[in-house]
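Colleague: Numbering (the working numbering), first residue to last: 470 to 926.
We treat Cβ as the ideally placed atom computed from N, Cα and C, and that holds for glycine.
Given the structure is predicted, the values throughout are model-derived calculations rather than measurements.
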Ligand code: NDP
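#1: For residue 540, count neighbouring Cβ atoms within 10 angstroms of its own Cβ and tell me buried if that reaches 16, exposed if not.
#2: I need the boundaries of the beta strand (DSSP E) containing residue 709, first residue and last residue.
#3: Does residue 547 come out as helix, strand or coil in the three-state DSSP assignment?
#4: Based on DSSP bridge pairs, tell me the residues matched to residue 639.
#5: Under 8 Å from any heavy atom of the ligand NDP, does the C-beta of residue 724 make it?
#6: How would you label residue 905, buried or exposed, when you count the other beta carbons within 10 angstroms and need 16 or more for buried?
#7: Measuring CB to CB, does residue 697 end up less than 9 Å from residue 845?
#8: What residue ranges within the stretch 775 to 812 form continuous beta strand (DSSP E) runs of no fewer than 3 residues, ordered along the chain?
#9: For residue 465, which residues of its own chain have a beta-carbon under 8 Å away from its beta-carbon, when the five flanking residues on both sides are left out?
#10: For residue 558, which three-state DSSP category applies?
#11: Could you tell me whether the stretch 858 to 865 touches the stretch 699 to 717, where touching means 3 or more Cβ pairs closer than 8 Å?
#12: Using a Cβ-Cβ cutoff of less than 8 Å, which residues in the same chain neighbour residue 736 once the five nearest sequence positions on both sides are dropped?
#13: If you drop the 5 nearest sequence neighbours on each side, which residues of the same chain put their C-beta closer than 7 Å to that of residue 890?
#14: In three-state DSSP terms, what is residue 509?
#15: Let me know the secondary structure DSSP gives residue 514 once reduced to three states.
#16: According to the neighbour-count rule (16 or more other Cβ atoms, all chains shown, within 10 Å of its Cβ), is residue 662 buried or exposed?
#17: Look at the alpha carbon of residue 485 and the alpha carbon of residue 867, and state the distance between them as a whole number of angstroms.
#18: To the nearest angstrom, report how far apart residue 672 and residue 701 are at their CA atoms.
#19: May I have a chain-ordered list of the beta strand (DSSP E) segments no shorter than 3 residues that lie completely inside the stretch 825 to 893?
#20: Between the C-alpha atoms of residue 511 and residue 474, what's the straight-line distance to the nearest angstrom?
#21: Using a strict less-than 5 Å threshold between each residue's beta carbon and the heavy atoms of the ligand NDP, what residues do you get?
#22: Compute the Euclidean distance between the alpha carbons of residue 595 and residue 847, then round it to the nearest angstrom.
#23: Among 586, 535, 506, 636, whose alpha-carbon lies nearest the alpha-carbon of residue 613?
#24: State the Cα-Cα distance for the pair residue 655 and residue 743, rounded to the nearest angstrom.
#25: Within the same chain, show all residues whose beta-carbon is closer than 6 Å to that of residue 504, passing over the 5 residues directly before and after it, in chain order.
#26: Since residue 822 and residue 850 are thought to touch, with beta carbons under 8 Å apart, how far apart are those beta carbons, to the nearest angstrom?
#27: Using beta-carbon positions only, say whether residue 571 and residue 607 come within less than 9 Å of one another.
#28: From 487, 592, 812, pick the residue whose C-alpha is nearest to that of residue 857; which is it?
#29: Which of helix, strand or coil does DSSP assign to residue 568?
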């Protein structure tokens, strides 16, 4: 029957993806989730099968050597990557990640997710991602600068404000973007304001960009709660991570009257039953952004706080056992497994929205969906970062800068729009409340229409 045709075609595409790169498990995981959602779309549009075949293959994969000299005078060599996955609706756009775990599989999964995320924002941005297996932890400013400069000495020839616009991600914040922008400007001999986003304010950065992913995540979660007639007021929230996304998610939860009770880093997690208030969040921001310390120091500073060291697996060793109403995983991929999802459900979790990319394993997602907990995939709920990067690009093109309030209002409106788009799309296919399905299908349809129009390229 028709349905079996669609399923068979999708299965064949997935099998080919696995056969081509058998070791790229994170990439397979991301592709599988999207392809599963597309079955009813393929039934309706059999002509999109050839689009799906092409959408799982990156347009370009750049892999390069990054040599640099450390403070001791020794030569170090890292691997740099840029995946230009899909440029059907705009210049490639997506962050750069500097972390020892970076490899082609992780970057391909991230770049693939980015295609649909960027499409969902409604802004004209294609999907890309890049980075290096460089570990900025413990490196001096000089070492980080020399690494960033060497990285850009190769990357610059592949990017540009109308071609590919990288931003930050794990391990790449304002400092790294500044060093890379400086080297790009020197090599290109042009002030191309829009070539990178997440820039400092003094050279073309947008207000609210640092806050955008975390704020946007909470705006999205606010809309999810509203579908159940609930709000953040008095709601207990578990947050993992203590980096850029986690910090500003925590700040926005506080603005909306919620009570964040946990945060973490790769060394372990803190539990603050009375809630992380403004003073405690300021301490965490200073600890992480300026002193670059470990979260365990927080428990030494404040009373009534417990610290639990991380085990090898899972990454946050018990954090998801805390009794909360809302969960916001904001650290890294696959940090919340099926067993942990069951603990959250047993504690009557209402909603979970992914701040990180793919932090929930497929087993965890299944547990949430089967139990009726509201679950938002990162490609919808953490799209506020890239959306505000899009707003930064607009301001660079206009040679104007909008006020904090203007950017924040646009971000809020975009998140509401993404929520409603995912929600309504799921409803249209009788999958009401299934944000995974809604986000994948809504994101894909726009890409498919553009790719169809462009012919076979
Ligand atoms: P940061 O580097 O600022 O923070 C990452 C946080 O997660 C840190 O607390 C870090 O701990 C922790 N972490 C990272 N890797 C691991 C690990 N393997 N195990 C345990 N903890 C870990 O990154 P961001 O906040 O920018 O990014 C977090 C997530 O959000 C990523 O998945 C990223 O792709 C996603 N994201 C980010 C966007 C952005 O605008 N920045 C946009 C959309 C998604 P430690 O300090 O010990 O390493």
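Modeller: By the coordinates alone:
#1: exposed
#2: 705 to 709
#3: strand
#4: BP columns for residue 639 are empty, so no partner.
#5: no
#6: buried
#7: no
#8: 775 to 778, 795 to 798
#9: There is no way to answer for residue 465, as the model of the chain reaches only from 470 to 926.
#10: coil
#11: no
#12: 763, 764, 765, 778, 779
#13: 589, 911
#14: helix
#15: coil
#16: buried
#17: 44 Å
#18: 36 Å
#19: 843 to 845
#20: 9 Å
#21: 638, 639, 682, 710, 711, 712, 713, 714, 734, 735, 784, 800, 801, 825, 826, 851, 854
#22: 17 Å
#23: 535
#24: 50 Å
#25: 479, 483
#26: 4 Å
#27: no
#28: 592
#29: coil
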